[in-house]
Amino acid sequence: MGLLADAPKAGFGTSNDGNTARAFFRNPEIASSITGIDEILSRKL
82 MGLLADAPKA GFGTSNDGNT ARAFFRNPEI ASSITGIDEI LSRKL
């Protein structure tokens with residue numbers, strides 16, 4: 082998925098922000114398989 086959750090960029094804070102969440106939920110099929118959330122609900126996030 083291309084998420085670098087363990088490597089924050091200098092001057093950008095931590096990776097626990099909305100950009101990381103948007104990148105994660107950009108692919109609802111993978112997000113639902115990882116989280117166990119229904120894919121249709123994941124698509125609406």
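Residues in the sequence shown are numbered consecutively from 82, following the working numbering. We treat Cβ as the ideally placed atom computed from N, Cα and C, and that holds for glycine.
Notebook entry, point to check: DSSP three-state call for residue 124: helix, strand or coil?
Noted result: The residue labelled residue 124 in the question sits at position 43 within the sequence shown. Looking at residue 124 - three-state DSSP - the assignment turns out to be helix.
Checklist line | Coil, strand or helix - residue 103 by DSSP | finding: Numbered from 1 along the sequence shown, position 22 holds the residue referred to as residue 103. Looking at residue 103 - three-state DSSP - the assignment turns out to be helix.
Note to self: Taking the alpha carbon of residue 113 as the reference point, which residue from 123, 104 and 107 has its own alpha carbon closest?
What the structure shows: For the purposes of this step, residue 113 is taken as the residue at position 32 of the sequence shown. A check of alpha carbon separations from residue 113 across 123, 104 and 107 identifies 123 as the nearest.
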